[in-house]
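In this text, residue positions in the first sequence follow this note's numbering: the first is 6, and each later residue adds one. Input: a single structure, listed below in structure tokens.
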Amino acid sequence: MEDAEECITGLCLGLGMGGYVPKKGKQKENRPVLDLAFELCPKGEAINLNHDKVESTDSDNSNTNNNNKGCRKKLRLSKDQSSMLENSFKLHTTLNPVQKQALADQLNLTTRQVEVWFQNRRARTKLKQTEVDREWLKKQCQNLSDENKRLKKELQELRALKVGPSSPLCIQLSKTATLTMCSSCDKLVKLNEGNNNIGLEGTN
DNA sequence: ATGGTCAACGTGCCGG
DNA sequence: CCGGCACGTTGACCAT
């Protein structure tokens, strides 16, 4: 009888790596449920069995073999691999098939792994950029809010000034006419003797 | 125990 | 139709 991990393994294999239950739809033929296999070294580091596969003379399909070996362990890319991928990403965020293959050969990875790494890397970049944008917008919003507050205060102060002959908002036009600002509607009003006021312009 | 990270996956969409 | 990509998701691994 296998141990508990092996039992879980069976479930993992049945459902695929992510335990994802596929919905109806097209399936990529060249994407096996398990296209890679890993095992743990005694220290707990993940070893990519694909590296062995490269040198292996085994003619049979390693996928089927791996399916019987157990649940795949998570690959951790080495520092060198990561930094080379990063450098490559700095040069171009997408790869053409030739570049992909070259990089895969160079790093001793499969093209699929390189492809997945770039997809995930682009997603991370986008996420980071979204976060940056969000912070920027937040700051802008705060600035506008502050400015709005300041302007409201300024307006309030202007309104508080008594509108009268001594007010700076009251201009004597002639002996009979004065230009003043209406305290309720913020419109410039020409006051004439005889009470026939003429609104001149809105300053709202 | 738990939350974060990340490789790997399934699916849908789009352009050639 | 096919390949490539974005997106959302999963689970192994790791730090705390």
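Even for Gly, the Cβ is constructed at its ideal location relative to N, Cα and C. Predicted model, so just to flag it, every value in this text is computed and none were measured.
If you draw a straight line from the C-alpha of ASN153 to the C-alpha of GLN145, how long is it?
Numbered from its first residue, the first sequence carries residue 153 at position 148. Numbered from its first residue, the first sequence carries residue 145 at position 140. Roughly 12 Å separates the two Cα atoms.
Starting from the N-terminal side, write out each stretch of the alpha helix (DSSP H) that is 4 residues or longer and does not extend beyond the stretch 79–139.
84–96, 102–112
So, with DSSP's three-state summary, where would you put LYS143?
Taking the first residue of the first sequence as position 1, residue 143 is located at position 138. The answer is helix: DSSP assigns LYS143 an H, G or I state.
Assign LYS105 to one of two classes, buried (16 or more other C-beta atoms within 10 Å of its C-beta) or exposed (fewer than that).
Here residue 105 refers to the residue found at position 100 of the first sequence. The residue is buried, with at least 16 neighbouring Cβ atoms inside 10 Å.
Under the DSSP definition of a beta bridge, which residues are partnered with ASN148?
One-based indexing of the first sequence puts residue 148 at position 143. Per DSSP, none; premise fails for ASN148.
Give me the Cα-Cα distance between VAL137 and GLN147, rounded to the nearest whole angstrom.
Position 132 of the first sequence, counted from the start, is the residue given in the question as residue 137. Position 142 of the first sequence, counted from the start, is the residue given in the question as residue 147. Spanning the two alpha carbons is a distance of roughly 15 Å.
In or out: GLN134 buried (at least 16 other Cβ within 10 Å) or exposed?
Numbered from 1 along the first sequence, position 129 holds the residue referred to as residue 134. That one is exposed.
When you compare the stretch 82–97 with the stretch 116–130, are there three or more beta-carbon pairs, one atom per stretch, that lie closer than 8 Å?
yes
Beta-carbon proximity of GLN86 to LEU114, cut-off 8 Å:
Counted from its first residue, the first sequence places residue 86 at position 81. Counted from its first residue, the first sequence places residue 114 at position 109. Yes, the pair counts as a contact, with Cβ atoms nearer than the cut-off.
Mind reading off the beta-carbon distance from TRP122 to LEU90? Whole number of angstroms is fine, and I expect it under 8 Å.
Along the first sequence, one-based indexing puts residue 122 at 117. Along the first sequence, one-based indexing puts residue 90 at 85. 6 Å between Cβ atoms; contact.
Between LEU196 and THR183, which are expected to be in contact by the criterion C-beta below 8 Å, what is the C-beta distance as a whole number of angstroms?
For the purposes of this step, residue 196 is taken as the residue at position 191 of the first sequence. For the purposes of this step, residue 183 is taken as the residue at position 178 of the first sequence. Confirmed, about 5 Å.
Chain-order list of residues whose beta-carbon lies under 6 Å from that of ALA165 (same chain, five-residue window excluded):
Position 160 of the first sequence, counting from 1, holds the residue named residue 165. So the list is empty, once near-sequence residues are dropped.
Tell me the DSSP secondary structure of THR69 in three-state form.
The residue you call residue 69 lines up with position 64 of the first sequence. Residue placement at THR69 cannot be trusted, given a pLDDT of 31 that sits under 50; the coordinates are not used to answer.
With 16 other CB atoms within 10 Å as the buried threshold, where does SER150 fall?
For the purposes of this step, residue 150 is taken as the residue at position 145 of the first sequence. Label assigned to SER150: exposed.
Would you call the CB atoms of PHE94 and ARG129 closer than 8 Å?
Against the first sequence, residue 94 aligns to sequence position 89. Against the first sequence, residue 129 aligns to sequence position 124. The answer is no: Cβ separation not under 8 Å.
Less than 8 Å between the CB atoms is what I'm expecting for LEU112 and LEU100, so what's the real figure, rounded?
Locating residue 112 in the first sequence gives position 107, counting from the first residue. Locating residue 100 in the first sequence gives position 95, counting from the first residue. The Cβ separation is near 12 Å, so there is no contact.
Local conformation of LYS180 per DSSP, three classes
As a working note, residue 180 is residue 175 in the first sequence. Looking at LYS180 - three-state DSSP - the assignment turns out to be coil, as it is neither helix nor strand.
Drop a sphere of 10 angstroms on the beta-carbon of THR98, count the other beta-carbons inside from all chains shown, and report buried for 16 or more, exposed for fewer.
Here residue 98 refers to the residue found at position 93 when the first sequence is read from its first residue. Exposed, because fewer than 16 other Cβ atoms sit within 10 Å of the Cβ of THR98.
By how many angstroms is the C-alpha of ARG155 removed from the C-alpha of LYS141?
As a working note, residue 141 is residue 136 in the first sequence. As a working note, residue 155 is residue 150 in the first sequence. Note that residue 141 is Trp in the sequence shown here, rather than Lys. Distance between the alpha carbons of TRP141 and ARG155 is about 21 Å.
Beta bridge counterpart(s) of LEU196 as assigned by DSSP
Here the question's residue 196 lines up with position 191 in the first sequence. Paired residues: THR183.
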